Amino acid sequence: MNLVLGLFGFCSILFLVAAEDPYRFFDWNVTYGDIYPLGVKQQGILINGQFPGPEIYAVTNDNLIINVHNSLPEPFLLSWNGVQQRRNSFQDGVYGTTCPIPPGKNFTYKLQVKDQIGSFFYFPSLAFHKAAGGFGSIKILSRPLIPVPFPNPADDFTLLIGDWYKLDHTILKRFLDLGHRLPLPQAVLINGRANWTTFTVEQGKTYRLRISNVGLENTLNFRIQDHTMKLVEVEGTHTLQTSYSSIDVHVGQSYSVLITADQAPKDFHIVVSTRFTEKILTSTAVLHYSNSQGSLSDVIPGGPTEIDWSIQQARSIRTNLTASGPRPNPQGSYHYGTINISRTIKLVSSAALVNGKQRYAVNGVSFVPADTPLKLADYFKIDGVFHVGSIPDSPSGKSTHLDTSVMGAGFRAFVEIVFQNRENIVQSWHIDGYSFWVVGMDGGMWTPNSRKQYNLQDAVSRSTTQVYPRSWTAIYMALDNVGMWNIRSEFWARQYLGQQFYMRVYSDAGSLRDEYLIPENALLCGKALSRKTTPL
Numbered sequence: 012m013n014l015v016l017g018l019f020g021f022c023s024i025l026f027l028v029a030a031e032d033p034y035r036f037f038d039w040n041v042t043y044g045d046i047y048p049l050g051v052k053q054q055g056i057l058i059n060g061q062f063p064g065p066e067i068y069a070v071t072n073d074n075l076i077i078n079v080h081n082s083l084p085e086p087f088l089l090s091w092n093g094v095q096q097r098r099n100s101f102q103d104g105v106y107g108t109t110c111p112i113p114p115g116k117n118f119t120y121k122l123q124v125k126d127q128i129g130s131f132f133y134f135p136s137l138a139f140h141k142a143a144g145g146f147g148s149i150k151i152l153s154r155p156l157i158p159v160p161f162p163n164p165a166d167d168f169t170l171l172i173g174d175w176y177k178l179d180h181t182i183l184k185r186f187l188d189l190g191h192r193l194p195l196p197q198a199v200l201i202n203g204r205a206n207w208t209t210f211t212v213e214q215g216k217t218y219r220l221r222i223s224n225v226g227l228e229n230t231l232n233f234r235i236q237d238h239t240m241k242l243v244e245v246e247g248t249h250t251l252q253t254s255y256s257s258i259d260v261h262v263g264q265s266y267s268v269l270i271t272a273d274q275a276p277k278d279f280h281i282v283v284s285t286r287f288t289e290k291i292l293t294s295t296a297v298l299h300y301s302n303s304q305g306s307l308s309d310v311i312p313g314g315p316t317e318i319d320w321s322i323q324q325a326r327s328i329r330t331n332l333t334a335s336g337p338r339p340n341p342q343g344s345y346h347y348g349t350i351n352i353s354r355t356i357k358l359v360s361s362a363a364l365v366n367g368k369q370r371y372a373v374n375g376v377s378f379v380p381a382d383t384p385l386k387l388a389d390y391f392k393i394d395g396v397f398h399v400g401s402i403p404d405s406p407s408g409k410s411t412h413l414d415t416s417v418m419g420a421g422f423r424a425f426v427e428i429v430f431q432n433r434e435n436i437v438q439s440w441h442i443d444g445y446s447f448w449v450v451g452m453d454g455g456m457w458t459p460n461s462r463k464q465y466n467l468q469d470a471v472s473r474s475t476t477q478v479y480p481r482s483w484t485a486i487y488m489a490l491d492n493v494g495m496w497n498i499r500s501e502f503w504a505r506q507y508l509g510q511q512f513y514m515r516v517y518s519d520a521g522s523l524r525d526e527y528l529i530p531e532n533a534l535l536c537g538k539a540l541s542r543k544t545t546p547l
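Numbering (our numbering), first residue to last: 12 to 547.
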C-alpha cells in the first residue's frame, strides 16, 4: 500500500513538473555608458552594454526570471509597460509597489505573461532615468497551437521610437526638481539612433513591424515611403486588418503592422516625425531591398497635419472578433457592452503652480511619493503612509494640492473611466496591470449623453490611450486584478511632477486565487524595512 501511495505521489510530482509553463532566464547588468544617438557622446543607461536594452522574447504563459544587477550609483527600477502581472503587483516595478534596487545590489523579477500576446516594452521608472535609455522591447508570441489571423511573416522587426534630449537626464531632473518646465526635445530616435538604421527585406515577402513609442512626451507619426501598412495587433489585441499610409503612435503605445516588399527593388525612407508640435522633428531609417538597384530618394515623404485625421484613425481601430487571442476562443466572446457599469470615474488633468513650483495633477491632487511603497504599506498594514480615498472620483473644485493619492476600488467591479482633457495638448494615459476597452472619444466636455456614441461591440482593448485637445476619451474596465496599480500620464515630466495616482483594487477574501503573497525575495525599505517576507 505504501509503495502504491509512493508511486502515486511520485507520478503526481512528475505531472506537475511536466505541466508547468516554460521558464526563460535573463541576467542583466545596468550601467552608465557612452552612447552616440545624435553623433555626439552622451551618458546613457545600458543593459548588458546595449542601448536600447535587450529584447525579451516570450510565448504566452511563459515564466520570465529577470535578474537585474544595479551598477548605477543610485537606486533603479524597471517597469513593464502593458504586461499585466496577474495578482502580483509586487512585480510591477514602480515606486508605489516595489522598493528600488539599491546601488550595487540586484533583484530578480519573477513575471508570468499569463494569457497574453502582443507587443510591449520595458523602461526605467525612477529618477527620470527614462530620458537616458534603459528601455527595450517585449514580444509575446502565441502558443503554437493557437491560430494567428495572418500568415507567418518572413521576419519580425522591432522599432522603438521616441523623442530625445541632448541634455543629460540629471540636468533635466534638476529642472523639474526646481519647479521648471522642460524645454522641447531636440530629436527623435529610431532604435537609439536619429538616422540610418537599416532594415533589409526581400522583394515579394511580408514582414511584421512592432512599433513602440518609448519617448517622453510627443505623439509620433510613423510611415514608410511608397508602402502601406496593415494593422494587425495593438498592445495584445488582434485588430481588424485595416491598411494605413501612416500611423500616429502616442506616447506609451505599441502597434504591430504588416508590410509587403512589393515595390521596385531600391531603398525607401522609414520616417518618424512629431505631431501636434510647432517645430516638426523628423528622423529616418532605411527599408533596404536585398536586391536593391536604386538609392534613396532625396525627398522625405511628409506626414499628416490635421488633428481630425488622427481622431478618425483612432476611431477606425477595432478588435478582430473572429481571431483567437492567447486562448482558442474568439476575442469577442467577452461581451463587455452588455455588462452593467457599477461606477463612473471622471479624471481631469490640470497644471498649476504649487508653492511656486510647477506641478501637474489629476482631479486637483498632485501625487507625491511616500517614504514606503504603497503596496508594502498595504500588505504589512502600516499606518500613516497613505489613505484610501485621497483622490476623488471626479474633480472637487478645490485648488491643486499635494498628496499621496490612492483611489479605492472593489474587486470584480466593472467601471467606466472618462479622461477629460481641458488643455490644448494631446495627452496619453496608461493603467498598469490592466487592459481596457476604448469605447469612445470626442471633442468638448463629456456628459452622460455622450454614451449614446459609445462602441459597445468591437472597441479595441489596450493599456494606453490618447485624449485629444479639449476632448474626452471613455474606457470600460473590468477590475479583475487585485493589487495596487499605477494610473499615470505617459508624458514623463508630468508623471514625475504629480500627474499620477494609484488604484487599490481590493478583495477581503484573502485567497491566493485573488492575489499572491509577497515574494520571498521582495526588497524592503522605508517603514517596511524591518518586516519579514514570510507569509503573514
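Beta carbons are placed, not taken as given, at the ideal position from N, Cα and C, and that holds for glycine.
All figures in this text were calculated on a predicted structure; none of them were measured in a lab.
Is it the case that the Cβ atoms of residue i and residue j are separated by a distance below 8 Å?
i, j, result
"Y266", "L242", "yes"
"N432", "R481", "yes"
"C110", "L528", "no"
"W483", "W457", "yes"
"F186", "F378", "no"
"T108", "M418", "no"
"G444", "Y517", "no"
"G104", "S136", "yes"
"D167", "K150", "yes"
"N374", "P406", "yes"
"V493", "D519", "no"
"S257", "N229", "no"
"F146", "L178", "no"
"I157", "L220", "no"
"E427", "A363", "no"
Go ahead and pull the three-state DSSP assignment for residue i.
i, result
"T484", "strand"
"W457", "coil"
"K409", "coil"
"G147", "strand"
"K463", "helix"
"T119", "strand"
"H398", "strand"
"Y445", "coil"
"S100", "helix"
"A424", "coil"
"G537", "helix"
"D543", "Note that residue 543 corresponds to Lys in the displayed sequence, not to Asp. Correct three-state label for K543: coil."
"F433", "According to the sequence provided, residue 433 is Arg. The question's Phe does not apply to it. Residue state, collapsed to three classes: coil."
"K392", "coil"
"Q95", "coil"
"H80", "strand"
"L89", "strand"
"V417", "strand"
"T11", "Given that the chain is displayed from residue 12 to residue 547, the structure contains no residue 11 and the question cannot be resolved."
To which residues of the same chain is residue i closer than 8 Å at the C-beta, ignoring the five residues directly before and after it?
i, result
"N302", "E213, Q214, P276"
"D32", "N72, D73, N74, Q123"
"D278", "V297, L298, H299, Y300, S303, G305, S306, L307"
In chain order, what residues of the same chain have a beta carbon less than 6 Å from the beta carbon of residue i, not counting five sequence neighbours either side?
i, result
"S361", "A372"
"I77", "F37, Y120"
"L152", "V70"
"G293", "The sequence given here places Thr at residue 293; Gly does not occur at that position. Only S284 meet the Cβ criterion."
"P530", "F101"
"D188", "none"
Tell me which same chain residues have a C-beta within less than 7 Å of the C-beta of residue i, skipping the five on either side of it?
i, result
"N59", "W39, N40, P65"
"K538", "D382, T383, A388, I393, V396"
"Q506", "R499, S500"
"D237", "Q274, F279"
Rounded to the nearest angstrom, how far is the Cβ of residue i from that of residue j, given a contact under 8 Å?
i, j, result
"K357", "V429", "5 Å"
"P250", "N331", "Note that residue 250 is Thr in the sequence shown here, rather than Pro. The pair is a contact, with the Cβ atoms about 6 Å apart (cut-off 8 Å)."
"V283", "I201", "6 Å"
"G305", "V225", "About 32 Å; that fails the 8 Å criterion."
"Q477", "H261", "4 Å"
"H441", "E501", "5 Å"
"H80", "H140", "No, H80 and H140 are not in contact; Cβ-Cβ is about 15 Å, not under 8 Å."
"F425", "S353", "6 Å"
"V376", "S401", "7 Å"
"R515", "V399", "6 Å"
"I328", "V471", "5 Å"
"Q95", "S446", "7 Å"
Give a yes or no on whether the minimum CB-CB distance between residue i and chain D is below 8 Å.
i, result
"L358", "Any reference to chain D falls outside this structure, which holds one protein chain only."
Next item on the list: Ignoring anything shorter than 4 residues or poking outside the region 312-389, list the alpha helix (DSSP H) runs there in chain order.
Entry: 318-327
Margin query: In chain order, what are the residue ranges of uninterrupted beta strand (DSSP E) at least 3 long that sit wholly in the region 253-307?
Written below: 257-260, 265-271, 278-285, 293-300
Note to self: Please give me, in chain order, every unbroken run of the alpha helix (DSSP H) with length at least 4 that falls completely inside the region 135-219.
What the structure shows: 180-188
Next item on the list: Only counting runs of 4 or more residues, tell me where the alpha helix (DSSP H) segments fall wholly within the region 502-533, in order along the chain.
Entry: 503-507
Margin query: So within the region 31-72, which uninterrupted beta strand (DSSP E) runs reach at least 3 residues, ignoring any that extend past its ends?
Written below: 34-46, 53-58, 67-70
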